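Beneath this line is the structure, given in structure tokens, with notes to follow.
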Amino acid sequence: MKDVQNSADTRGIAIQRVGIRDVHIPLQIKTKEGAYQQVLANISFTISLPMEYKGTHMSRFQEILNKWTSSPIAEPEMAEILQEAMERLQAEAADIRIEFKYFVERVAPVSRGKSVLDVDCFFDGHMEKGENLQFTLGVKVPYTSLCPCSKEISEYGAHNQRGVMDVQVRFDDSKDCILIEDLVLLMEQQASCQIYPLLKREDEKYVTEKAYDNPKFVEDILRDGVLALRKLSGLRWFSLACDNFESIHNHSAYASHEEYLD
18 MKDVQNSADT
28 RGIAIQRVGI
38 RDVHIPLQIK
48 TKEGAYQQVL
58 ANISFTISLP
68 MEYKGTHMSR
78 FQEILNKWTS
88 SPIAEPEMAE
98 ILQEAMERLQ
108 AEAADIRIEF
118 KYFVERVAPV
128 SRGKSVLDVD
138 CFFDGHMEKG
148 ENLQFTLGVK
158 VPYTSLCPCS
168 KEISEYGAHN
178 QRGVMDVQVR
188 FDDSKDCILI
198 EDLVLLMEQQ
208 ASCQIYPLLK
218 REDEKYVTEK
228 AYDNPKFVED
238 ILRDGVLALR
248 KLSGLRWFSL
258 ACDNFESIHN
268 HSAYASHEEY
278 LD
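Be aware that the sequence shown starts at 18, since it is given in my numbering, and climbs by one per residue.
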């Protein structure tokens with residue numbers, strides 16, 4: 018049959034990214050303990066298209082992904098996926114973004130009740146011909162904050178917020194990296210208190226008092242997060258954004274920062 022997509026195009030425009038989005042498939046993510054957690058992934062998968070080609074072969078993206086539905090996915094496997102895409106689709110560059118919800122175990126601070134905390138994560142990979150994979154890990158970490166100003170001016174009590182840290186990290190070509198569980202815990206420690214899915218009354222007392230004893234503005238959480246990220250071995254770039262969902266306002270308090278490290 019005639020291959021219309023492979024016909025010539027004369028408009029002289031190379032397309033930077035073309036492919037498929039919102040592809041939902043099961044994948045396996047390696048846990049800190051060495052086991053694997055099955056997740057439902059939402060994938061965007063693209064290649065660069067030279068100006069001389071009318072279109073790309075969309076079915077080949079799905080063919081490449083389908084081979085990984087029962088295999089663990091991390092940086093080496095993403096590099097294989099992108100390398101195959103460039104070879105099969107005659108592209109100079111390829112990108113993949115894998116978004117998924119990951120569950121980390123949480124133990125209540127007093128009752129020791131166990132639960133799991135859902136964390137939105139993504140793996141992002143970019144590769145160009147002859148180059149190594151550029152890999153980015155992203156997590157959105159929920160937390161509790163308590164307003165220092167409210168605590169200072171009120172005769173009793175202080176208002177608090179639930180917030181989310183959006184942290185993204187890239188490491189150099191060494192073997193240094195950080196696991197999802199460790200990155201989540203590191204960022205939680207920069208807030209007034211952690212979030213726990215399961216709390217008994219004694220636990221609620223603990224987290225309420227801990228936040229009260231550790232008040233932080235969104236600026237404090239961001240700055241403490243930046244200092245914590247700077248200490249990670251092998252880190253070469255990061256971005257951090259904090260959203261406090263205000264309990265006494267109809268808006269959020271927001272702060273963000275990114276930097277490259279030598």
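Even for Gly, the Cβ is constructed at its ideal location relative to N, Cα and C.
Nothing here was measured: the structure is a model prediction, and the numbers come from that model.
Item, Value
"Between Gly278 and the rest of its own chain, which residues show a CB-CB distance below 8 Å, the 5 nearest in sequence each way excluded?", "Correcting the residue type first, residue 278 is Leu in the shown sequence and not Gly. Answer for Leu278: Arg247, Leu252, Arg253, Trp254, Phe255, listed in chain order."
"Could you say which of Lys84, Ala108, Val56, Ser171 lies nearest to Tyr70 if we only look at CA atoms?", "Ala108"
"Would the beta-carbon of Ala175 fall within 8 Å of that of Ser162?", "no"
"Closest to Ser264 by CA distance: which of Asp189, Asp199, Asn177, Glu221 is it?", "Asn177"
"Taking the continuous beta strand (DSSP E) assigned at Phe78, which residues delimit it?", "It is not in any beta strand (DSSP E) - Phe78 instead sits in the alpha helix (DSSP H) that spans 75 to 83."
"Given a threshold of 16 other Cβ atoms within 10 Å of its Cβ, counted over all protein chains shown, does Leu244 qualify as buried or as exposed?", "exposed"
"So what does DSSP say about Met68, is it helix, strand or coil?", "coil"
"Could you tell me which whole beta strand (DSSP E) segments of length 3 or greater appear in the segment 176 to 261?", "177 to 188"
"For Gln45, which of helix, strand or coil comes out of DSSP?", "strand"
"Hey, Ile64 and Ala111 are a contact pair by Cβ (cut 8 Å); roughly how many whole angstroms apart?", "5 Å"
"Sorted by chain position, which residues of the same chain lie with C-beta nearer than 8 Å to Ala31's C-beta, five sequence neighbours on each side aside?", "Ser65, Leu66, Pro67, Met68"
"Who pairs with Glu1 in a beta bridge, going by DSSP?", "Any question about residue 1 goes unanswered here, given that the chain covers just 18 to 279."
"Counting Cβ pairs, one atom from each stretch, are 3 or more of them under 8 Å apart for the segment 209 to 221 and the segment 138 to 148?", "no"
"Please say whether Val201 and Val136 have beta carbons closer to each other than 8 Å?", "yes"
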